[in-house]
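For the record, in the sequence shown the residue sitting at position 334 is 645 according to this note's numbering, with numbers rising by one throughout. Here a beta-carbon is modelled for each residue, glycine too, at the ideal position from N, C-alpha and C. What follows is a single structure, written as structure tokens, with notes after it.
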Amino acid sequence: MTAAGLLLVVLGFVVWESGPDHPELEQVELTVLEEEPDGTCAVRWTDPYGAGQRTGPYRCDPDRDPLLKDTSEFEWGSPGWDIGHVVAEGDLKGELYDPDVETAADRAVAVSDALTVSGVLVTFAGLVCGGVRALIRLAGLTGWAPLTVRRAERLREAAHGVIREHERAVRAVRDAWQPLHDARVREELAAVPVGRLRWASVPLLPVAELQRHGIRTVRDVLDAGAWGLADTTGLGRRTAEKVWSAARRRAADVAEDTWVRLDADLTGPDAERLLTALRVLVQAGPEARSAVEEAGRLIPELDRHLLTALPAADLRLLFGTDRDGRADARAAVRRLREMVAEAERSGRWLRFLQTSIDLLRGADADPLALSARVDFASRPDAYQERLWHIVRTSPALTG
312 MTAAGLLLVV LGFVVWESGP DHPELEQVEL TVLEEEPDGT CAVRWTDPYG
362 AGQRTGPYRC DPDRDPLLKD TSEFEWGSPG WDIGHVVAEG DLKGELYDPD
412 VETAADRAVA VSDALTVSGV LVTFAGLVCG GVRALIRLAG LTGWAPLTVR
462 RAERLREAAH GVIREHERAV RAVRDAWQPL HDARVREELA AVPVGRLRWA
512 SVPLLPVAEL QRHGIRTVRD VLDAGAWGLA DTTGLGRRTA EKVWSAARRR
562 AADVAEDTWV RLDADLTGPD AERLLTALRV LVQAGPEARS AVEEAGRLIP
612 ELDRHLLTAL PAADLRLLFG TDRDGRADAR AAVRRLREMV AEAERSGRWL
662 RFLQTSIDLL RGADADPLAL SARVDFASRP DAYQERLWHI VRTSPALTG
């Protein structure tokens, strides 16, 4: 009886270990052909693997922005739009992926769970009949621990994912804001006369000589460079380098004090990129920042307990671990089980996944740029506050 139970446990572990992973996915844009109020849609997408245009049913997001739904009844409108994923490998390559449909990986996990649970129960009964308490503890540890560790690893990946997507969204805002800020700084430097640099060094800099050779503003000095100043004005190399260094310090001060304010007059491709990038974070709201902070607190503890629990998830490591190590592994597995259960009960795990999806809705596209402009007009203060928080704090502290 004990042997049969252990065999079931081993079979469950083998099924879990050799079972297929969830398929690789690739994001695609969906054109919504028909849509019901509950989100049931008929969509068209372009197969990225060469099969051309394809159509099929899909579960659209009924709560997405109205501008992304079908507005073709208006003169300015267009068909509905959403994003989805297609399978990137296997026999279903190019097919639209529906997360609500059970996959082979889900079935493998279910079979593994059933085999492992059954094996543990049978083994437990056999060991009770045989009176081998040590083997009971071993079977209990190796039967449940791999499942617990795997679920904890998935929770950790979800936490890493929300942090990764948030950092990407923040980086997109910084990258879009930088050209606008640089252009505004150059405008400011063009209005700063070169005479302001005279007292930047001792002895005083020969700004009159610069003006006689057409170098009239700080921007002219920066554009010329140290070697250009020496060649154009006849100044010595060391003097030219002092002038250029003074101009760079002045430019740094101007850059620190210069702000690009978002308003209706701010137009152009760079402005549209900035508004589109900001809209992702504004719409994600403070819940995204809270999810990132929770993930940052959770990951170190998960890493610590996962490392300690490694022997409990691998029989080879378990037999090579001393009694104290096995006790620590059991305690780590118990703590991981509590953390996973608490994350599910509180909705934290789901919040990580949902926030990651929300932060992924930021592709550069004309419909999103138009939607971002409209959204900015409705709540400009939220955009200003989010931009200020991002560009006036260090990347490591941005929330």
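query, result
"Element boundaries [beta strand (DSSP E), containing Thr357]", "351-358"
"Simplified DSSP assignment, three categories, for Thr578", "coil"
"Nearest-angstrom beta carbon gap, Thr544 and Ile526 [assumed within contact, 8 Å]", "7 Å"
"Simplified DSSP state of Pro546, which is helix, strand or coil", "Residue identity differs from the one stated: residue 546 is Leu in this sequence, not Pro. Three-state DSSP puts Leu546 in coil, outside helix and strand."
"As assigned by DSSP and simplified to three states, the class of Gly539", "helix"
"With 16 other Cβ atoms within 10 Å as the buried cut-off, status of Thr666", "buried"
"Supposed close pair Val339, Arg462 - CB separation, criterion 8 Å", "About 30 Å separates the two Cβ atoms, so there is no contact after all."
"Assigned secondary structure, Pro348 (DSSP; H/G/I helix, E/B strand, else coil)", "coil"
"Check whether Arg495 and Val571 have beta carbons under 7 Å apart", "yes"
"Exposed unless 16 or more other CB atoms sit within 10 angstroms - verdict on Trp488", "buried"
"Same chain, Cβ closer than 6 Å to Pro373, neighbours up to 5 away in sequence not counted", "Gly350"
"Per DSSP, the bridge partner or partners of Val397", "Glu337, Leu407"
"Top-ranked residue by Cα proximity to Ala480, from Arg641, Leu585, Ala353, Phe663", "Leu585"
"Beta carbon of Thr366 nearer than 7 Å to that of Arg375", "no"
"Whole-angstrom distance between Ile701 and Glu400, CA atom to CA atom", "38 Å"
"Any chain B beta carbon closer than 7 Å to Cys371", "No chain B appears in this structure, which consists of one protein chain only."
"For Val343: DSSP bridge partner residues", "Val354, Gly391"
"Neighbourhood of Gly710 by C-beta distance below 6 Å, restricted to the same chain and skipping five residues each side", "Residue placement at Gly710 is poorly supported in this model, since its pLDDT is 42, which falls under 50; the coordinates still yield a value, given next. Correct list, in chain order: Arg600."
"CB contact flag (Ala643, Ala620, <7 Å)", "yes"
"Residues of its chain near Arg497, where Cβ-Cβ distance is below 7 Å and the 5 sequence neighbours each way are ignored", "Arg530"
"Residue burial classification, Asp402 (beta-carbon count within 10 angstroms, cutoff 16)", "exposed"
"Check whether Pro359 and Glu335 have beta carbons under 7 Å apart", "no"
"Closest by C-alpha distance to Gly658, when choosing among Ala602, Gly361, Val503", "Ala602"
"Candidates Gly363, Pro377, Ile394: closest to Leu671 by CA position", "Ile394"
"Burial state of Trp392 (16 or more Cβ within 10 Å)", "buried"
"As assigned by DSSP and simplified to three states, the class of Ile701", "helix"
"Within 7 Å, strictly: CB atoms of Val532 and Ala558", "yes"
"The beta strand (DSSP E) enclosing Thr366, as first and last residue numbers", "363-370"
"Beta-ladder partner(s) of Pro611, from DSSP", "Partner(s): none; Pro611 has no beta bridge."
"Straight-line gap, Thr357 to Cys371 (C-alpha atoms, nearest Å)", "17 Å"
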